[in-house]
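Report on the following structure.
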Amino acid sequence: MLFRLIVLAISLGFCIPTFAQPSNDDCHNAITLPISSNWCSAVGAYTNVNATPSNFPPAPCFGNTGGDVWFRFTAVGTDLNITIIGDQAPSAGGSLQRPQVALYSGTCTSSGGNLSLWQCRSATGVNNIVDLYKGALVIGQSYLIRVQGNFNNTGTFQICAQNYNAPALPGSDCNTASVLCDKSSFVVQSVVGAGNDPDEAASSCLGGLGGNSESNSTWFKWTCDQAGSLSFTLTPNNPSDDLDFVLYELPNGINNCAGKNILRCMAAGESLNNYPSPCHGPTGLNFTATDVTETSGCALGQDNWLSAVNLIAGRSYALVVNNFSATGNGFQMDFGGTATFQGPTADFTVNNPPNGCASETWTFTDNSSFAFGNLTAWSWTFGTGASPATANTQGPHQVTYNTPGQKSVVLSVETNEGCLVTHVVLIQVDSCCQTVNALQYTTAATDVLCRDNPNGTVNVTPSTTHLTPYSYRWSTGNTNSSLNNLLVGNYSVTISNGICNSIDTLSVGGPPPWELTDSITRPTCDGGTDGAIQVLTANGSNGAPYQYNWNNTGFNSNASYTNLSNGVYSLVLQDAQGCDTTISYTVHELELELDSIGSGIIHPSCHGYSDGSIQVAGQNGLAPYSYIWNHNATGAFLYNLPAGTYYLDTIWDANRCRNWAPFSFTLTAPDSIQIVLDSVSVSCTGNPDGQLIPIVTGGTYAYQYQWSNFQQDSMATHLGAGNYNLTVTDAHNCTKTIAASLTEPPLLKVDYEVRDVSCYGYSNGLIRIKGQGGTPDPNGLYTYSMSPNNFSALDSFEVAAGTSYSLYVQDAAGCIANYSPVVVNEPDLLIVDAGPDTTIQLGDHFDVEAQLSFFDYYDYQWSINTGDIACPTCRKTSIQPVEDQKYYSILVTTAAGCTATDSLLVTVEKERNLFIPNAFSPNGDGNNDYHDVYTGEDVYQIKKYLVFDRWGNMVCNKQNIPRHWKNFGWDGRFRGQDMQTGVYVYMIEVEFIDGVIVRYSGDLSLFN
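Read in order, the letters of the sequence shown correspond to residues 1 to 1008 in full-length UniProt numbering.
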C-alpha cells in the first residue's frame, strides 16, 4: 500500500491524498450516457469528489451551490426516468449522501451557455437515492443531467435511466388502471397510496396479513389479441424494495373488475436486515418457475418468481403491483412471451416538399387504426425547429422547419378505453443552402483618409428575394448590417437566414502607417540647455512633404528641435494630405549609469544564509564615483547579505552629476529543501520489501542522498519495519535531514475450527479457516485455501478423515500464512449383530437383542412391523413369526446419523398343537362338564364348533371362540334338555395364527 509522508526537518507528518477534478466538472465537458429503455451504469461509476460549483445558478430544488457534475444524452423516447443511487443501504450504488438531480435542455460552452430547467429532484429524509421523471421529451434532442449532493456532500454514485414511450398514467384502483396496448417496456416513477379501494386484493395472497391488502399500489389492464405465453419482469427503481403483485383474469371484460379470477399471486418478501435475499429485487413471471403462488415471508424454495401464464385471445386481464416497502419509489416493467395485446396501430405518412428543405412545407397525415374500438385522441410532436412544434388533432398537419437535420416526428394515439401507443418516424430535413435557402447578398467597404481617423465603413446588403430575415454578427459583437467609424483593419461577419450561415471578411484600407527614426541628445547635468531632438527619417501615411510642429510652435519644415533642457516635448507630424500624428519625447539631463561589466551580484548560497554580495561601478560620468545606498551604506561593495531587495539611491561623479532613478538589486536564496516521502510499507511481517521514495524540491539541483542504513540511492529499498533518517545535500552543500518510519502489519495467523467426520467412512468432516492479523481487506476479510494457491473467499472445506491437512490464509497484501497438520477424526465403525438364525414352533415367542460394537445414543428400527414384533423400536424385543421362514433386520442409527444393519433368519415349524377330547360327562360334578378343545399358542380361534346326533340333527353351533376360552364347548344340552347318553359327531374348524384353517371331526361320547 502506498502512503505519502510530508516531513519537515527531523519531524514526521502525513498528508491527506487528493483526487483529481472529475472530467465532467463543467457543463461543456458533460459525459455522454448511452441511455436507452433500460440502462444502468456500474456501481460507483461516477463521482463528484473535488467537483467545483458551476457558473450556472443552482437548480431550485438544490438550495445551494455545490460541487456538481454533468452528463448528456439524446432522447430515444418521450418519457424519462432517472435514478441516482448513492449510499442507500442495503443496496448502495456508491458513497454519495443525499443526491440531487436536475434535467436541462439547451447548450453550454466553456464561456457560458443558455440552459432551460425541465425538472429537479432532491433526496428527502435520510434517503440516499433520488428519482426524477419527466415526460414530453423531444426524441432526437440532446438533454443535460446535473448531479450534486445536498449540503455539499460528495462521493460516488450509480446512474440508472429509462427512456421510453409511456402508456397512460396508471391509477391505484382496478377501474382506473392504465390500459396497455402492447408489450413495450415502461417505468412507473413513483407508487404512493392505495386508491379509493385499498383492499381490492383481499382474497389473494396479499390479504390475510392484517390491514389492507394494498398499501402503495398501481393497476394495469389489457386484452389479449393473439393467444400465447406471457412473462414479465418488475424491477424496482430502489433495488432493495419488496414488490408484490397479483395477476387476474377479468371474465366480464376490460371495463368490469367484478368477479376477477386470480391467476398468479406473489407476496414473498424479506426484511431489509436480510438484504440481499432471493425475495428482494426483481420479481415477475418466467419460464423456469413452477409455482403459481408465493406467500409472505421468504420460506425455503421461494425465489420471487412464478411460472409464466398462457393468455387466451379476446380475454381481458389485470395486474396490480404493490410496493410493500413503502419507499415511494416505482419500478420498471418488461414483458416477454408470445402473446400480444389488443391495441391500435399508430401510423402516419409524410408528404415531403419538392426539395425536402427547411423553410418548405411538410405535410403529415394520420393513418392510425384500431380494429377493436375507436381512436379518441391524437398527440403530435414534429421535432426540433418545427412550426408548429406540436398538435393535438388528427390532422393532416402542415409544418415548416427553421433548422436542418434529422427530426423525430412522434404520433401518440389513444383509444376510447384509454389505451395509448406511440409511433416515431425519422425524417431528414436538408438545409438546401445552395438552392432554396441560399444566402444572397452584396458587401461594400470604404477606406479611411487618414490612418488614425476612424471614418471607414463596411456594409452587407441582402437581395430582395430572400425568404427569411437575415441576421448578422460581426467580429466586433455588433449585430447590424453595417458598421461605421472604423479604423484600418479586417472585419468578419456571420450572416444567417436561420437555416444557413455564411462568413465574410471585409477590409477597411487606408494610407500606410507612419514610420520615422529619431535621436535625442541629452543636456549636460545640473541644468544644462544643450539638449536636442532630431527626426532622422520620416515615411508613411500619405507621403512627403512633411511639416513639423514642435511643442506647439507652429508647422515648418525643420526636422530638429534644439537648445533643450530637461523636460517633455511634443511633435505633431503632418503629411502631404494634412493627416497628422502626435509623438511625445522625454528629454533627460545626462545621468550616471552602472557599468554592466564592473557591476554584479552573488546570491545567498542556501535558504536563510547571509553570504550574498553586491558590487557596482559607475559610468557615463567623470571618476571618481561615490555611492549612497538606501540603508545608509556607502561604497561600491556590499557583502554578507541575506536575500532581499537593495537600492542604490545615488551615484555622484567628480562633476556632481548623478543618476535620476535609484538602481535596485534583488538577491534571491534558493527555496528551502523540502522532501515528500512516498512509502511502500512492508507487505508482510518480517519481509524486507519496504521502500522510501523521496521527492525533493527547493535547494539547488543536483542532490545527493545519505540514508541512515548507508544506502546512497535516491530511493531506499529492501527495508524492514523501523525508523530511518535521510540527509539530502544540494549543489551548494545545503542540507536537510528528515526521519520516517516504516511499519509492518501484525503477524498473519491461521485459526481454524474442526468438525469431525460424523460416521466411519464418511467424508463430511468440516474445516473452517479463520484469519488473524495481517492486512485484511476493507471489509475485514481474507481469502483461504487448502493448498498454497487457488485462494478464494470460501472459508469452509468438507473433508474426509485419516488425512493430515494444511491450511492457508492470504490477506489483502498477498501475505500467506499456513498451519499444519490439522487432523479430522472419525468414530469407530458401528457394527450391530441381530443374533444367530434360529428355528421355533408356530406360536412360540422368540426374544431378540441387538448386540453393538460400542455404546452411544441410538435409534433402533426392526423390520417393517407386520404385527409380529412386540417393540419395533427397542433394542431388545420379542417376535412371533408365522411364516415358514422370515428374515428380521435391525437398523441402528446413532445421534450423529451413523447407521448399521444386520438380520437373522427365523424358521417356523408348524405341528398344529391341538387336543380334542372324544368323551365328556356333563353331570354337574365339575369335571368334564363341557366338551372343550385344548389349543396351543399357534391357534388364533375356534372358527366353527358343531355337534350332531346320530340322525344328523345339529345339537350345538358355536363360532369364533377365542383360544384358551374355558367352558366354551357343548354342555350336553339341546333346547334346554339334557341329551341322552350316547355317541355324537363333532365338526370343528380351527384358524391358526398363520391364517391356516384346519377342519377336525370325530365321534363324541356323552355320559350322564
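Yeah, the Cβ is synthetic: ideal placement off N, Cα and C, and Gly gets one too.
If you check the beta carbons only, do residue 817 and residue 766 fall under 8 Å apart? To locate residue 817, count along the sequence shown from 1; it is residue 817. To locate residue 766, count along the sequence shown from 1; it is residue 766. No, the Cβ-Cβ distance between residue 817 and residue 766 is not below 8 Å.
Over the uninterrupted beta strand (DSSP E) stretch that includes residue 407, give me the two end residues. Position 407 of the sequence shown, counted from the start, is the residue given in the question as residue 407. Taken as a continuous stretch (DSSP letters only), the beta strand (DSSP E) holding residue 407 covers 405–415.
| field | Beta-carbon separation (whole angstroms), residue 939 vs residue 1004, contact threshold 8 Å | value | Reading the sequence shown from its first residue, position 939 is the one you call residue 939. Reading the sequence shown from its first residue, position 1004 is the one you call residue 1004. So it is not a contact: roughly 19 Å between Cβ atoms.
When we look at the beta-carbon of residue 19 and count the other beta-carbons within 10 Å, is it buried (16 or more) or exposed?
Sequence index remark: in the sequence shown, residue 19 carries index 19 (1-based). With a pLDDT of only 48 at residue 19, under the threshold of 50, the placement of this residue in the model should not be trusted; the figure read from the coordinates follows. That one is exposed.
Please report the distance separating the alpha-carbon of residue 807 from that of residue 744. Numbered from its first residue, the sequence shown carries residue 807 at position 807. Numbered from its first residue, the sequence shown carries residue 744 at position 744. In a straight line, the C-alpha of residue 807 is about 23 Å away from that of residue 744.
Rounded distance between the beta-carbons of residue 888 and residue 848, thought under 8 Å
Numbered from 1 along the sequence shown, position 848 holds the residue referred to as residue 848. Numbered from 1 along the sequence shown, position 888 holds the residue referred to as residue 888. With a contact defined as Cβ atoms closer than 8 Å, residue 848 and residue 888 qualify at about 7 Å.
Identified DSSP bridge partners for residue 612: Here residue 612 corresponds to residue number 612 of the sequence shown, with the count starting at 1. Note: residue 612 sits in a beta bridge opposite 641.
Element boundaries [beta strand (DSSP E), containing residue 323]:
Taking the sequence shown and counting its residues from 1, one reaches residue 323 at position 323. Counting along the chain, the beta strand (DSSP E) containing residue 323 begins and ends at 316–323.
* Whole angstroms is fine: what's the gap from residue 29's alpha carbon to residue 70's? => In the sequence shown, counting from the first residue as 1, residue 29 sits at position 29. In the sequence shown, counting from the first residue as 1, residue 70 sits at position 70. Across the structure, residue 29 and residue 70 are spaced so that their CA atoms are roughly 7 Å apart.
Return the CA-CA distance between residue 15 and residue 722, expressed in angstroms with no decimal places.
-> Position 15 of the sequence shown, counted from the start, is the residue given in the question as residue 15. Position 722 of the sequence shown, counted from the start, is the residue given in the question as residue 722. Confidence at residue 15 is low in this model, with a pLDDT of 33, below 50, so the placement of that residue should be treated as unreliable; the coordinate-derived value is given next. Their Cα atoms are separated by approximately 20 Å.
**OP:** Give every residue of the same chain whose Cβ lies closer than 7 Å to the Cβ of residue 252, excluding the five residues on either side of it in the sequence, and list them in chain order.
**Re:** Here residue 252 refers to the residue found at position 252 of the sequence shown. Only 258 and 259 meet the Cβ criterion.
Supposed contact pair residue 435 and residue 352 - C-beta distance, whole angstroms, cut 8 Å
Within the sequence shown, residue 352 is the residue found at index 352, counting from 1. Within the sequence shown, residue 435 is the residue found at index 435, counting from 1. Contact flag wrong, Cβ pair sits at about 15 Å.
| said: Taking 7 Å as the limit between beta carbons, can you name the residues of its chain near residue 170, skipping five residues before and five after? | reply: Against the sequence shown, residue 170 aligns to sequence position 170. Counting only Cβ-Cβ distances below 7 Å, and skipping sequence neighbours, we find 177, 178, 188, 218, 219 and 220.
Margin query: Going by DSSP in three states, residue 11 sits in which element: helix, strand or coil?
Written below: Numbered from 1 along the sequence shown, position 11 holds the residue referred to as residue 11. In this prediction, residue 11 scores a pLDDT of 31, lower than 50, which makes its location untrustworthy; the coordinate-derived value is nonetheless stated afterwards. Three-state result, residue 11: coil.
Taking one C-beta from the stretch 307–326 and one from the stretch 159–168 each time, how about it: are there three or more such pairs within less than 8 Å? Not touching, per the Cβ criterion.
Exercise. Would you call the stretch 563–582 and the stretch 592–602 in contact, with 3 or more CB pairs under 8 Å?
Worked result: no
Practice item. Compute the Euclidean distance between the alpha carbons of residue 108 and residue 144, then round it to the nearest angstrom. Key: For the purposes of this step, residue 108 is taken as residue 108 along the sequence shown, with counting starting at 1. For the purposes of this step, residue 144 is taken as residue 144 along the sequence shown, with counting starting at 1. Each residue's Cα considered, the two are about 10 Å apart.
task = For the beta strand (DSSP E) containing residue 425, list its first residue and its last residue.
result = Taking the first residue of the sequence shown as position 1, residue 425 is located at position 425. Taken as a continuous stretch (DSSP letters only), the beta strand (DSSP E) holding residue 425 covers 420–429.
key: Assigned exposure category for residue 146 - 16 Cβ within 10 Å defines buried   = Taking the sequence shown and counting its residues from 1, the one referred to as residue 146 is at position 146. That one is buried.
My output table needs one value for residue 397: the three-state DSSP class, helix, strand or coil.
Reading the sequence shown from its first residue, position 397 is the one you call residue 397. When secondary structure is reduced to three states using DSSP, residue 397 falls in the strand class.
*In terms of alpha-carbon separation, which member of 543, 586 and 521 lies closest to residue 562?*
As a working note, residue 562 is residue 562 in the sequence shown. Ranked by Cα distance from residue 562, the options 543, 586 and 521 are led by 521.
*When 783, 414 and 838 are compared against residue 180, the one with the closest alpha-carbon*: Here residue 180 refers to the residue found at position 180 when the sequence shown is read from its first residue. Minimum Cα distance to residue 180 is reached at 414.
To the nearest angstrom, report how far apart residue 79 and residue 504 are at their CA atoms. Position 79 of the sequence shown holds residue 79. Position 504 of the sequence shown holds residue 504. Roughly 43 Å between the two C-alpha positions.
* Quick one: residues in its chain with C-beta nearer than 7 Å to the C-beta of residue 627, no 5 flanking neighbours on either side, listed in chain order? => Start at 1 with the first residue of the sequence shown, and residue 627 comes out as number 627. Excluding residues within five positions, the ones whose Cβ falls inside 7 Å are 616, 634, 635, 636, 648 and 651.
### Message
Just to check my reading of the structure: residue 24 and residue 31 have Cβ atoms closer than 8 Å, yes? What is that Cβ distance to the nearest angstrom?
### Response
Looking up residue 24 in the sequence shown gives position 24. Looking up residue 31 in the sequence shown gives position 31. The Cβ separation is near 4 Å, so the contact holds.
query: What are the complete beta strand (DSSP E) segments, minimum 3 residues, inside the stretch 249–287?
result: 261–268 and 283–286
| request: Give the single residue among 896, 895, 937 and 682 whose Cα lies nearest to the Cα of residue 914. | output: The sequence position of residue 914 within the sequence shown is 914, counting from 1. Here the closest residue by C-alpha is 937.
Could you tell me whether any non-hydrogen atom of the ligand FAD is closer than 7 Å to the CB of residue 302? As far as ligands go, the structure on display features none, and thus does not contain the ligand FAD.
Which of the three DSSP states is assigned to residue 727 in this structure?
In the sequence shown, residue 727 corresponds to position 727, counting from 1. In this structure, residue 727 counts as strand in the three-state DSSP scheme.
Taking all protein chains shown into account, do 16 or more other C-beta atoms lie within 10 angstroms of the C-beta of residue 487, making it buried, or fewer, making it exposed?
Walking along the sequence shown from the start, residue 487 turns up at place 487. Counting Cβ neighbours within 10 Å, residue 487 comes out exposed, since fewer than 16 surround it.
inquiry  = On the CB-based measure, 16 or more other CB atoms within 10 Å of its CB, does residue 442 come out buried or exposed?
reply    = The count along the sequence shown starts at 1 and reaches residue 442 at position 442. By the neighbour-count rule (16 or more Cβ atoms within 10 Å), residue 442 is not buried but exposed.
message = Per DSSP, what are the beta-bridge partners of residue 954 in this structure?
response = Within the sequence shown, residue 954 is the residue found at index 954, counting from 1. Residue 954 is bridged to 948.
Exposed or buried, residue 661, counting other C-beta atoms within 10 Å across all chains shown (16 or more means buried)? Taking the sequence shown and counting its residues from 1, one reaches residue 661 at position 661. With fewer than 16 other Cβ atoms within 10 Å, it is exposed.
When the Cβ atoms of the stretch 276–291 are set against those of the stretch 146–157, are three or more pairs found closer than 8 Å?
-> Cβ pair count under 8 Å is below three, so no.
Discussion item. Which residue wins for smallest C-alpha separation from residue 803, given the options 792, 815 and 820?
Written reply: Start at 1 with the first residue of the sequence shown, and residue 803 comes out as number 803. Nearest of 792, 815 and 820 to residue 803, Cα basis: 820.
Mind checking residue 454: buried by the 16 CB within 10 Å criterion, or exposed? Within the sequence shown, numbered from 1, the residue matching residue 454 stands at position 454. Residue 454 should be labelled exposed.
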